[in-house]
Structures are given as structure tokens and as C-alpha cells.
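In the working numbering, the protein residues as written are 4 to 567.
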């Protein structure tokens, strides 16, 4: 469906051609515009060779003969449409090649079959905002698309088993319903919207739900009519309805008979690509925002939330700026919560690049029993993934064994905040190789403090650096944008790993990019490719942050600490 043809710079034919090239599908126009832009008021039905003219405020188009200025073009497109239809049917193709007249009813029947089998993808010209072309579109949806009883047999799994089965949709067949949407109604409560693919579901009966593998009584079935709900006694094959007040039902659940529990294949939803830190404007709304976001995530499978303990932020992941803007509006409208969204903090870490030794003696005497702890430690960098390794090579009783766990604890506490900018320290091995103690003044606390101070002292001598998270990026784009995308990745300090040609003149680029540069990549990719690119990303590893970027970060953290 090519929409908004009443706007400037919208070209119906170039749009259908581009979709055909990029997808490889057999896109065939069924309706075309008489003219485009502000003068778009008429649609030509190529199959019927009729023109439909529209007026503002009128849903129904008025039939007329095709305008003389477009008659030749319409005939050419009509012939192309007929050829596309007959090519899907050998009998009709033979008649066409022999010059025989093909009845309209035969064309309609073969077109419906071709659309059902996806051999032909019909294209329609409309302006939904003004209702131009919508009546023809709805008529063709009714006549071309398969009814619930005409679709292919459903492939399902016997719940709890590995066996598969095929269910032919029918009103009297096995019950199969699929939950595709969850909504929260302020008066009714939670509503699960589902489509019945086979069988009949009745109010008051009990049904098996695959997501919990439990049986529930369906006490209320509703037909949704805008904001209104109409009670139903039963729903059957092809109906879309809602059931209320069953809290355990989730999206992708299959509803079936308790006597024969079944599971349909789950929908694969796109992964969210844009993360934002979310925080309430009012400090008293922390609990409300958690509840509100949980409800929205339940309703929207493409929305994800997490609590990032490393940066102490709640992060919400959406499909883009518009998606998250809608989330923000919904929190206000449904839960009366005002929130701010911002770019998340980066989970930087610190490490060392060379070996170092350090000694620290913690000695405190203030009358009575004092404090005494004395340690010698050696720091070494270890390979990524080990994070922390503690060894004890004390001999001769220099430090009693009961104090060694306190030394390890002191080191671990020091590693929670590195000396450069206060980020956690990783990939370090610490060896306690010497020390001393006092029979009276030594304590667990004294050795913990000594170890903590020794670690900080040693880290300063071990060439400390800041590490930044690196993401692995997979970008799928039309090949004509290759140069721009590669240049953009390079400008983000990224590294190209592979470039692989794909079908339909698409390219798959794999690269690594610092997380700080990839937060808004969905926006950048949309801008570069005019919305024709998609991408996925996941955490890969940590790398050293370049000095020219690390120093401003260190200075900023230092200023923040001084203000505290």
C-alpha cells in the first residue's frame, strides 16, 4: 500500500519499483493514481479498467471512464497486470499466448490464488488521511485475501511434546487461538487480545494457555469497537476478540482445549535498538515508574527495560525516538508519571598495563589497643575475562592465615573504585607475598585497610588506563549506501570486520564500535539510508579508551568529586 499520494515528492511508480528491487517480490500495481501530489483525487482500477474520482469528506469514489490523458498508460499497466496474473497459471497462460479472450471472472479467480500463494503482491495507491482509494482497497482485501477457512493448515506442536501436527482451520476443529496483544483497561483491567485460528471458544468454558501450561476459565469475552467493548457468548474461526482478568496470559500464548493442548510458533519480534536512561521528574515516583514501565513492557513486546547496576540507572530500550516518545506519553496518560529520558551513562572500567609492587603499613596508636596491618602486594595485568585473581605466597608466618581473607577483601573493596575516575577495576591479579603483624594490635580491619591502600598505591605505578565497552554491530543496507555507512562507522572509531553481499542488492556489514558512539545509531542509520537499513548490536568486549578521550573523563570526575 503506497500511502500519502496527496503529498509532494511521493512517487507511486518509483516506490513500487524500489520495493520490487529491494525485496525480490513480484509487486504488481492493481490501482494507480491519475496524478500525484496536491491534485491527487482519482484512482484507476487496472483490473476493472475504471476510474474512481473522490471529493473531500466522501469515502466512496465515483466511477467514470479512464481519463483520456492516462488512457494509454492505463492500458499498458492493465496488460502488464494481466500478464503477471496469467503467468501463475499454465491453463490461462496458454489461452493468453494463443490470443483467446480471457473472462474477467477467470482473471479474478487466478489473481486470488496467486495472492494467496504470494506469487503476486498487489500494490494499491491511496491517501488514507483523505480516504481516497480506501474503498477500492477494502473491496480487494475482501475479494483477494484468503478467508480464515481458506488459509493453509496450521503447523502446531503438541504442548509439552516434540511432536508436530497440522490443523486445518474450521469452526468445528480443534481449538487454536493466538494472543497477539495485551492491553490495560482502566475499568476492566488486563485484556488479552487474540485471534481464533480454529475451533470455537465459548464464554464460561475453560481453556489451556501455553505460556503457563495451566487451564483458565474464560468468564468474559469481548468484541472491541474502538474504546467500547461488546460482550460475546462465543467466538469462532477468524474472529478477533479479547478476554479479561486472566493475569497470567502473555503475548504469544496459544489458547487451546485442555483435552488437546497445542502451541503455535511464536512471533519473532525485532530487538529494540535505542536505549535511554529513564528517571521520574518527581523523586516520589520511583515505585510508580517501575510499575508503569512493567505494564507497558507487558503490552509491547518490542519494548525492554533493565536496571543497570554498574551505572545505577534504569534503562528503557525502544525501536527509535518516536517509539520512546510514545512510551513517555503513555506513562503520563495512563499512570500520571512525568519522566525524563537521556543518553545512558557508559559502564567504563579501569585496569593496569604493567606489573607493579606496593607496600603499605597501617599503624594507628591512640592509647590502649592500636591498629596494625602491614602488607606487600604485587599487581599484574591478566587477560580479559579473568577480572580478578588473588594469590597468597606468604611463608614463614609473616602474616597469620586468619588475616589473609581480610587482605583479599580490602583489595576487592579498593577495586570497586579505581584511582583514575572511580570506575570498577578489572583484569588484575594480586599476589600477597610479604608483610608483618603485631600480636596485640593487628586486626581484620587493619589488614583490610592496609591492603586497600596498598592496592591503590600499586595501581598508580602500574600504568592504569580506562576501558570502554565495545559493541559488535551488524548492519544490513542497500549496496548503494555502502560508502556512506563505512565512512560513518570509521568516524565513530569503528572497525570493519566483514562485508558480505546479500540477495536483492543488499550488503551485510559487521563491525565493532565503541558503545559511546552507538547509542543513537538507529537515528544515524535512518538518516543515512532514508529508513532502508536495519541493524543489530550486542556487547563484544572492552578496549582501552584513547588518552585524548580518557583525560577529559578523568578531569570531569575529579571536578564532580571536589564539588561533593
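For glycine and all other residues, C-beta sits at the position ideal for the given N, C-alpha and C. Bear in mind the structure is a predicted one, so any value in this text is a computation, not a measurement.
Judged by DSSP secondary structure, residue 66 falls within the beta strand (DSSP E) whose first and last residues are 65-67.
Taking the C-beta atoms as reference points, residue 333 is found nearer than 7 Å to residue 299. Each of 122, 396, 214 and 561 was checked against the Cα of residue 264, and the nearest Cα belongs to 214. Residue pairing by DSSP places residue 343 opposite 282 in a beta bridge.
In the DSSP annotation of this structure, the continuous segment of the beta strand (DSSP E) that includes residue 478 starts and ends at 467-481. DSSP places residue 559 in the helix class (H, G or I) of the three-state scheme. Going by DSSP, residue 327 is part of the alpha helix (DSSP H) stretching over 324-338. With contacts defined as CB atoms closer than 7 Å, residue 487 and residue 531 qualify as a contacting pair.
Membership of residue 317 in the beta strand (DSSP E) is indicated by the continuous run 316-321. Below 8 Å, too few C-beta pairs join the segment 269-288 and the segment 232-243 to call them touching: fewer than three. In this structure, the CA atom of residue 220 is about 11 Å from the CA atom of residue 260. In this structure, the alpha-carbon of residue 277 lies about 31 Å from that of residue 15. Residue 445 and residue 426 have their C-alpha atoms roughly 31 Å apart. Sixteen is the threshold: when 16 or more other Cβ atoms of the shown chains lie within 10 Å of the Cβ of residue 194, as they do, the residue is buried. One alpha carbon belongs to residue 4, the other to residue 127, and they sit about 5 Å apart. Between residue 88 and residue 113, the C-beta spacing is below 7 Å. Between residue 434 and residue 385, the gap from beta carbon to beta carbon reaches 7 Å or more. The three-state reading of DSSP puts residue 105 in coil, since its state is none of H, G, I, E or B. Ranked by Cα distance from residue 550, the options 466, 533, 345 and 437 are led by 466. Every unbroken stretch of the beta strand (DSSP E) spanning 3 or more residues and falling wholly within the segment 207-232 is given here in chain order: 209-212, 217-220 and 224-228. Pairwise C-beta distances place the segment 351-369 out of contact with the segment 396-410, as fewer than three of them are shorter than 8 Å. Residue 483 holds the alpha-carbon nearest to the alpha-carbon of residue 536 among 483, 204 and 48. Under the three-pair Cβ rule at 8 Å, the segment 172-191 counts as touching the segment 140-158. Going by beta carbons, residue 477 and residue 495 fall outside the 7 Å limit. Per DSSP, residue 540 is one residue of the beta strand (DSSP E) stretching across 537-547. When the five nearest sequence neighbours on each side are left out, the beta carbons in the same chain lying within less than 8 Å of the beta carbon of residue 69 are those of 47, 52, 53, 54 and 77, in order along the chain. Per DSSP, residue 510 is one residue of the beta strand (DSSP E) stretching across 509-517. When beta bridges are read from the DSSP output, residue 383 appears opposite 432. CA-CA distance, residue 238 to residue 162, rounds to 23 Å. Within its own chain, the residues whose Cβ lies closer than 6 Å to the Cβ of residue 6, once the five positions on either side in sequence are excluded, are 129 and 131, listed in chain order. Residue 180 counts as buried, since no fewer than 16 other beta carbons sit within 10 angstroms of its beta carbon.
Under the criterion of beta carbons closer than 8 Å, residue 45 and residue 57 qualify as touching, at roughly 7 Å.
Residue 280 is positioned such that its CB atom lies no closer than 7 Å to that of residue 472. By the beta-carbon neighbour count (other beta carbons within 10 angstroms, threshold 16), residue 419 is exposed. If you compare the alpha carbons of 26, 81 and 204 with that of residue 508, the shortest gap goes to 26. Leaving aside the five residues that flank residue 203 on each side, the residues in its chain whose CB is nearer than 8 Å to its CB run, in chain order, 174, 175, 178, 237, 238, 239 and 240.
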